[in-house]
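Novice: Handing you a structure now.
There are 2 protein chains.
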Amino acid sequence: MRAALELARESGYAKLNIEAVAARAGVGKHTVYRRWPSKGLLFLDSLLTVNEPVLDIPDTGDVVADLRRQICAAVDLLGMPPWGPLYRDLVGEAQHDPAVAAGLNERFIRPQTEKTVARLEVAKAQGQLAPDFDLGLGMAILSGPLYFTFLITQEPVTHDYVDRVLDALFAGMRPRH
Amino acid sequence: MRAALELARESGYAKLNIEAVAARAGVGKHTVYRRWPSKGLLFLDSLLTVNEPVLDIPDTGDVVADLRRQICAAVDLLGMPPWGPLYRDLVGEAQHDPAVAAGLNERFIRPQTEKTVARLEVAKAQGQLAPDFDLGLGMAILSGPLYFTFLITQEPVTHDYVDRVLDALFAGMRPRH
DNA sequence: GTCAAGACGGCACGTGCCGTGCCGTATGCT
DNA sequence: AGCATACGGCACGGCACGTGCCGTCTTGAC
Chain A
744 MRAALELARE SGYAKLNIEA VAARAGVGKH TVYRRWPSKG LLFLDSLLTV
794 NEPVLDIPDT GDVVADLRRQ ICAAVDLLGM PPWGPLYRDL VGEAQHDPAV
844 AAGLNERFIR PQTEKTVARL EVAKAQGQLA PDFDLGLGMA ILSGPLYFTF
894 LITQEPVTHD YVDRVLDALF AGMRPRH
Chain B
744 MRAALELARE SGYAKLNIEA VAARAGVGKH TVYRRWPSKG LLFLDSLLTV
794 NEPVLDIPDT GDVVADLRRQ ICAAVDLLGM PPWGPLYRDL VGEAQHDPAV
844 AAGLNERFIR PQTEKTVARL EVAKAQGQLA PDFDLGLGMA ILSGPLYFTF
894 LITQEPVTHD YVDRVLDALF AGMRPRH
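As given, the protein sequences belong to chains A and B, one line each in that order.
Take the position in the first sequence, starting the count at 1, then add 743; the result is the number in our numbering.
Take the position in the second sequence, starting the count at 1, then add 743; the result is the number in our numbering.
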């Protein structure tokens with residue numbers, strides 16, 4: 744996994760190949776194939792293992808501030824080369840390898856979703872959220888715009904941008920009475 | 744482009760290769776390479792050309808209903824095999840080919856964004872949106888959650904889901920007064 | 001009407017990486 | 001001590017890449 748990450752950082756995920764990984768690791772190709780069925784899953788494993796300390800959401804009593812903290816931390820990680828492009832490549836791989844998509848969901852998205860929902864649950868209990876707000880959608884609504892910017896328009900995501908997204912979401916879009 | 748789409752629909756984008764496209768089109772490989780520098784851009788061109796009638800947003804006076812109409816139309820297209828997986832592959836390709844990312848933005852995302860912003864502009868002028876709502880974020884906030892579901896969690900996107908997203912966004916998340 | 005320039009289809013080549021098979025060695029378990 | 005297993009190293013066939021070359025056909029200028 745270390746060899747895979749090194750090579751990916753040096754020449755990008757596109758140039759990454761198992762032959763080189765095996766060579767760099769001083770290992771036969773068989774040994775790699777014995778553990779990972781594909782380049783995609785090896786890369787997924789490498790990337791998630793190294794950043795395993797999943798970003799937790801603090802609880803200071805203010806949902807928006809807490810979400811902001813967590814999101815900014817994630818954004819900072821992705822903005823710090825070479826992690827941004829590598830995560831983009833990972834998501835890209837997930838688009839044509841169902842196994843990578845499944846792994847990404849189970850090992851990264853789902854835990855993150857559960858933490859987000861849990862934090863929103865507390866907020867709702869404290870009256871900081873509309874009582875009928877659909878928590879299951881929370882993750883998609885909060886993360887979606889940022890993933891969109893990161894993956895689709897591929898503009899840089901700044902803290903200011905995070906603020907504006909959170910503002911727009913929490914202020915609502917309808918005119919206030 | 745027709746040959747490329749046929750082959751992609753038959754065996755998926757992953758198996759698509761320029762050699763086969765040239766053969767299917769009854770054409771030399773040079774002729775393909777002369778027009779498209781890469782498989783990704785050929786695919787982008789093929790996919791967008793065939794669906795060029797970009798989905799317009801109607802204006803019945805009710806923003807939410809109009810957005811719902813347009814989004815559901817897009818969702819229906821993506822839910823209709825084989826377009827969903829093909830668009831996923833296209834976005835995937837954009838993650839490691841900057842040229843594809845740029846083309847996707849210029850030819851698909853930007854026009855769509857402009858239409859969305861224009862429609863929101865009207866809505867704001869009619870008082871259906873908060874006067875300080877950040878229209879530039881509109882596209883990301885409206886599309887983001889759906890792209891997230893489509894690309895990341897890869898769950899099916901139903902009309903009901905679209906409704907719930909729009910509800911959550913327009914109802915706001917804060918408790919109402 | 002002629003002719004040069006360019007685009008074309010067809011074919012072959014060298015290259016890179018795939019995934020797998022085989023061999024001889026080393027390690028670890030009983 | 002003996003055996004099974006994992007290993008590193010190597011070689012292979014296969015595929016698609018991108019690029020030459022060749023002979024033909026179309027096109028446009030004069």
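Glycine residues also receive a C-beta, built at the ideal position from the N, C-alpha and C atoms.
Note that the structure is a prediction, hence the values are computed from the model and not measured.
Step through the CB atoms of chain A and report whether any lies within less than 8 angstroms of the CB of Gly915(B).
Specialist: Locating residue 915(B) in the second sequence gives position 172, counting from the first residue. Chain A contact via Cβ: present.
Novice: At least one CB of chain B closer than 8 angstroms to the CB of Ile814(A): is that the case?
Specialist: The residue labelled residue 814(A) in the question sits at position 71 within the first sequence. With 8 angstroms as the cut-off, Ile814(A) does not count as an interface residue toward chain B.
Novice: Does the separation of the CB atoms of Pro854(A) and Val797(A) fall below 8 angstroms?
Specialist: Taking the first residue of the first sequence as position 1, residue 854(A) is located at position 111. Taking the first residue of the first sequence as position 1, residue 797(A) is located at position 54. Going by C-beta atoms, Pro854(A) is nearer than 8 angstroms to Val797(A).
Novice: Are the C-beta of Asn848(A) and some C-beta of chain B separated by less than 8 angstroms?
Specialist: What you label residue 848(A) is simply residue 105 of the first sequence in a count that begins at 1. Yes - at least one Cβ of chain B is within 8 angstroms of the one on Asn848(A).
Novice: What in chain A is Cβ-close to Asp805(B), meaning under 7 angstroms?
Specialist: The residue given as residue 805(B) occupies position 62 in the second sequence. Within 7 angstroms Cβ-Cβ: nothing; Asp805(B) doesn't reach chain A, min ~12 angstroms.
Novice: The alpha helix (DSSP H) spanning Val807(B) covers which residue range?
Specialist: The residue you call residue 807(B) lines up with position 64 of the second sequence. Looking at the DSSP string, the run of the alpha helix (DSSP H) that includes Val807(B) is 806-822.
Novice: Any beta-carbon of chain B closer than 8 angstroms to the one on Phe786(A)?
Specialist: Taking the first residue of the first sequence as position 1, residue 786(A) is located at position 43. It does not; no Cβ of chain B falls within 8 angstroms.
Novice: How about the segment 805-814 of chain A and the segment 797-815 of chain B: do they share at least three Cβ pairs that are nearer than 8 angstroms?
Specialist: The segment 805-814 of chain A vs the segment 797-815 of chain B: no contact.
Novice: Measuring CB to CB, does Leu750(A) end up less than 8 angstroms from Arg767(A)?
Specialist: On the first sequence, position 7 is the one that residue 750(A) refers to. On the first sequence, position 24 is the one that residue 767(A) refers to. For Leu750(A) and Arg767(A), yes; Cβs fall inside 8 angstroms.
Novice: Output the distance between the C-alpha atoms of Thr859(A) and Ser754(B), rounded to the nearest integer angstrom.
Specialist: Stepping through the first sequence from its first residue, residue 859(A) is reached at position 116. Stepping through the second sequence from its first residue, residue 754(B) is reached at position 11. Cα to Cα, Thr859(A) sits roughly 38 angstroms from Ser754(B).
Novice: Rounded to the nearest angstrom, what separates Phe893(B) and Tyr904(B) at their Cα positions?
Specialist: Taking the first residue of the second sequence as position 1, residue 893(B) is located at position 150. Taking the first residue of the second sequence as position 1, residue 904(B) is located at position 161. C-alpha separation (whole angstroms): 11 angstroms.
Novice: Count the other C-beta atoms from every protein chain shown that fall within 10 angstroms of the C-beta of Leu820(A), then say buried if there are 16 or more, exposed otherwise.
Specialist: Here the question's residue 820(A) lines up with position 77 in the first sequence. With fewer than 16 Cβ atoms within 10 Å of its Cβ, Leu820(A) is classed as exposed.
Novice: Determine which residues of the segment 815-835 of chain A have a Cβ less than 7 angstroms from any Cβ of chain B, and write them out in chain order.
Specialist: Hits within the stretch, in order: Arg831, Asp832, Val834, Gly835.
Novice: Find the residues of chain B that neighbour Lys884(A), judging by a C-beta separation of less than 9 angstroms, and give them in chain order.
Specialist: Counted from its first residue, the first sequence places residue 884(A) at position 141. Here residue 884(A) turns out to be Ile, not Lys, going by the sequence shown. Within 9 angstroms Cβ-Cβ: Ile884, Gly887, Pro888, Phe891, Val908, Ala911, Leu912, Met916.
Novice: Distance cutoff 8 angstroms, beta carbons only. Does Asp877(A) sit that close to anything in chain B?
Specialist: If you number the first sequence from 1, residue 877(A) lands on position 134. Yes, because at least one Cβ of chain B sits closer than 8 angstroms to the Cβ of Asp877(A).
Novice: Mark Gln838(B) as exposed unless 16 or more other C-beta atoms lie within 10 angstroms of its C-beta, in which case mark it buried.
Specialist: Translated into the one-based positions of the second sequence, residue 838(B) becomes position 95. Buried, because 16 or more other Cβ atoms sit within 10 Å of the Cβ of Gln838(B).
Novice: If we ignore side chains and look at the alpha-carbon of each, how far apart do Pro825(A) and Arg752(A) end up?
Specialist: For this step, residue 825(A) is matched to residue 82 along the first sequence. For this step, residue 752(A) is matched to residue 9 along the first sequence. Computed Cα separation, rounded: 6 angstroms.
Novice: Terminal residues of the continuous alpha helix (DSSP H) containing Met882(B)?
Specialist: Position 139 of the second sequence, counted from the first residue, corresponds to residue 882(B). First-last of the alpha helix (DSSP H) with Met882(B): 878-890.
Novice: Check whether the Cβ atoms of Ile852(B) and Ile895(A) sit closer than 8 angstroms, and answer yes or no.
Specialist: Counting from 1 along the second sequence, the entry for residue 852(B) is found at position 109. Counting from 1 along the first sequence, the entry for residue 895(A) is found at position 152. Going by C-beta atoms, Ile852(B) is nearer than 8 angstroms to Ile895(A).
Novice: What does the Cβ neighbour count give for Val793(B), buried or exposed, with the cut at 16 atoms within 10 Å?
Specialist: Residue mapping note: residue 793(B) aligns to position 50 of the second sequence, counting from 1. Exposed: under 16 other Cβ atoms inside 10 Å.
Novice: Flag this pair as yes or no: are the beta carbons of Leu833(B) and Leu787(B) separated by less than 8 angstroms?
Specialist: Translated into positions along the second sequence, residue 833(B) becomes position 90. Translated into positions along the second sequence, residue 787(B) becomes position 44. It is a contact, given that the beta carbons lie within the stated cut-off.
Novice: I think Val775(B) touches Ile761(B), with their Cβ atoms under 8 angstroms apart; what is that distance to the nearest whole Å?
Specialist: Here residue 775(B) is taken as the residue at index 32 of the second sequence, counted from 1. Here residue 761(B) is taken as the residue at index 18 of the second sequence, counted from 1. Indeed, because the Cβ distance is near 5 angstroms, the residues count as touching under 8 angstroms.
Novice: Let's test the definition: count the other Cβ atoms within 10 Å of the Cβ of Gly915(A) and tell me whether it reaches 16, buried, or not, exposed.
Specialist: Locating residue 915(A) in the first sequence gives position 172, counting from the first residue. Buried, because 16 or more other Cβ atoms sit within 10 Å of the Cβ of Gly915(A).
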